[in-house]
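Residue numbers (full-length UniProt numbering): 1 to 294.
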């Protein structure tokens, strides 16, 4: 009887180990699908909010030599734009989910290019990986600077949530940009896993995670001014992560915490605070340009 119990116990342990290892493998190969939540359906367009626009399709060559297309909206109220925003959205939805914030910038005189990463909205391509999202942002930058001939120092790189990690990465690689604006963003995906709760702590996440989106680790290489905006009632990304990023940044910087705002509604519930923060950041950027010119 004891032998039977021992065999049964060992069998149960073996099944548990196999199941655990299988979950680890699934986390390695499928973690981008756990992180990213794309939507294909376009629910509205800029015209419906009084903003004229045109569709843009930006070709991206994959590592296999295949041509895929990044879709975006070029929302341009000015024939010769002096302030341009490259808008990089977060993990969920698509370009149509972000037009309320886009309109805030549009009303402040910005021309806006907002894109969907491959796998989102109308963009063509497989479910994206971190490196491919960075590549899509770079392609959008190249469109602005090469196709439209916009001076880099007139382009602000904006990112919301995960898009903030993309914006910081692009800002590191584009030191001539006007500045980087991040809203309700995080320090790193590893920190988000630690914040998310018990279930992910059952796994060796530091070993398994390859979609790292490590903004904190990149800040020492950022050379352009940085604006961080965060709602204090954000239950998705704690505002303390923006505080951590702010402390780590060594560039001209500004942190704005908006009391009572959540993960997606800062510009809607506190437009005066939002616009004031933007205007003050523009002054900071202009002052930085003057100092660099000396």
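From the three backbone atoms N, C-alpha and C, an ideal C-beta is built for every residue, glycine too.
Q.
With the cut-off set at 8 angstroms, would you say residue 224 and residue 277 are in Cβ contact?
A. Within the chain shown, numbered from 1, the residue matching residue 224 stands at position 224. Within the chain shown, numbered from 1, the residue matching residue 277 stands at position 277. Cβ distance not < 8 angstroms, so residue 224 and residue 277 don't count as in contact.
Q | Distance, residue 90 Cα to residue 1 Cα | A | Walking along the chain shown from the start, residue 1 turns up at place 1. Walking along the chain shown from the start, residue 90 turns up at place 90. Bear in mind that the predicted position of residue 1 carries a pLDDT of just 49, short of 50, making it unreliable; the figure below should be weighed with that in mind. Between residue 1 and residue 90, the C-alpha separation is close to 58 angstroms.
Q) How is residue 87 classed by DSSP in three states: helix, strand or coil? A) Here residue 87 refers to the residue found at position 87 when the chain shown is read from its first residue. It is a strand residue.
Q: Can you tell me which of the three DSSP states residue 10 falls into?
A: For the purposes of this step, residue 10 is taken as residue 10 along the chain shown, with counting starting at 1. With a pLDDT of 49 at residue 10, under the threshold of 50, the modelled position of that residue is not reliable, and the figure given next carries that caveat. Helix, per DSSP.
Q.
I want to know whether the segment 116 to 129 touches the segment 150 to 161 - three or more CB-CB distances under 8 angstroms.
A. no
Q. In terms of residue numbering, what span does the alpha helix (DSSP H) encompassing residue 273 cover?
A. Here residue 273 corresponds to residue number 273 of the chain shown, with the count starting at 1. Per DSSP, residue 273 belongs to the alpha helix (DSSP H) from 271 to 293.
Q: My understanding is that residue 104 touches residue 271, with C-beta atoms under 8 angstroms, so please give their C-beta distance in whole angstroms.
A: Against the chain shown, residue 104 aligns to sequence position 104. Against the chain shown, residue 271 aligns to sequence position 271. Indeed, because the Cβ distance is near 7 angstroms, the residues count as touching under 8 angstroms.
Q | Rounded Cβ spacing between residue 258 and residue 222 (contact assumed at less than 8 angstroms) | A | Mapped onto the chain shown, residue 258 falls at position 258. Mapped onto the chain shown, residue 222 falls at position 222. No, residue 258 and residue 222 are not in contact; Cβ-Cβ is about 23 angstroms, not under 8 angstroms.
Q) Since residue 140 contacts residue 237 with CB under 8 angstroms, what's their CB separation in whole angstroms? A) Walking along the chain shown from the start, residue 140 turns up at place 140. Walking along the chain shown from the start, residue 237 turns up at place 237. Going by Cβ atoms, the distance from residue 140 to residue 237 rounds to 23 angstroms, so no, they are not a contact pair.
Q) Just reading off the alpha helix (DSSP H) that residue 156 is part of, what are its end residues? A) As a first step, residue 156 is located in the chain shown; it is residue number 156 there, counting from the start. First-last for residue 156: 155 to 160, but that is the beta strand (DSSP E), not the alpha helix (DSSP H).
Q) Going by alpha carbons, who is nearest to residue 154 out of 184, 99 and 80? A) In the chain shown, the residue the question calls residue 154 occupies position 154. Of the candidates 184, 99 and 80, the one whose C-alpha sits nearest the C-alpha of residue 154 is 80.
Q) How would you label residue 156, buried or exposed, when you count the other beta carbons within 10 angstroms and need 16 or more for buried? A) Taking the chain shown and counting its residues from 1, one reaches residue 156 at position 156. When all chains shown are included, residue 156 counts as buried.
Q: In angstroms with no decimal places, state the Cα-to-Cα distance between residue 249 and residue 235.
A: Here residue 249 corresponds to residue number 249 of the chain shown, with the count starting at 1. Here residue 235 corresponds to residue number 235 of the chain shown, with the count starting at 1. About 24 angstroms.
Q) Applying the criterion that 16 or more other CB atoms from any shown protein chain within 10 Å of the CB defines a buried residue, is residue 219 buried or exposed? A) To locate residue 219, count along the chain shown from 1; it is residue 219. The residue in question, residue 219, is buried, as its Cβ has 16 or more Cβ neighbours within 10 Å.
(Q) Could you tell me the alpha carbon to alpha carbon distance between residue 186 and residue 134, rounded to whole angstroms? (A) As a first step, residue 186 must be located in the chain shown, where it is residue number 186. As a first step, residue 134 must be located in the chain shown, where it is residue number 134. For residue 186 and residue 134, the distance between alpha carbons rounds to 16 angstroms.
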